[in-house]
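Participant: All residue numbers for the sequence shown refer to this note's numbering, where the first residue is 15 and numbers rise by one. We put the beta carbon where it would ideally sit given N, CA and C, even for glycine.
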Amino acid sequence: VLDFDHTIARIHMWETYDDAALDDIPVNDKTFVDIEAFQELVGEARAYGHEVAIATFGRRDVVEKTLCHALGEFHGICIDTPED
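(1) Quick one, are the C-beta atoms of K79 and I39 less than 8 Å apart?
(2) Are three or more beta carbon pairs between the region 51-61 and the region 23-42 nearer than 8 Å?
(3) Could you tell me the boundaries of the beta strand (DSSP E) in which A69 lies?
(4) Taking 7 Å as the line, does the beta carbon of D98 fall inside it for any heavy atom of the ligand ADP?
(5) Out of curiosity, what's the CA-to-CA distance linking F88 and I25?
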């Protein structure tokens with residue numbers, strides 16, 4: 015299980031965008047601390063048979079948008095939030 019804000023994402027997305035409309039939240043390669051390292055980590059973990067999950071106190075839709083950018087629409091990563 016990986017933390018999202020300030021771990022995968024370069025900034026604290028929840029604090030920065032709070033209740034902003036999803037379309038107004040920019041997501042690009044610079045959103046990530048290191049997108050290539052994140053992609054490699056996920057790929058290697060899966061290659062060894064491990065599941066990958068993201069934990070966040072933030073918004074599921076923002077994490078989903080970010081993961082889709084990095085890994086594609088069918089990334090298969092579980093997102094765990096307090097709303098679950």
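Facilitator: Based on what the coordinates show:
(1) yes
(2) no
(3) A67 to A69
(4) Looking for the ligand ADP in the displayed structure turns up nothing, as the structure carries no ligands at all.
(5) 24 Å
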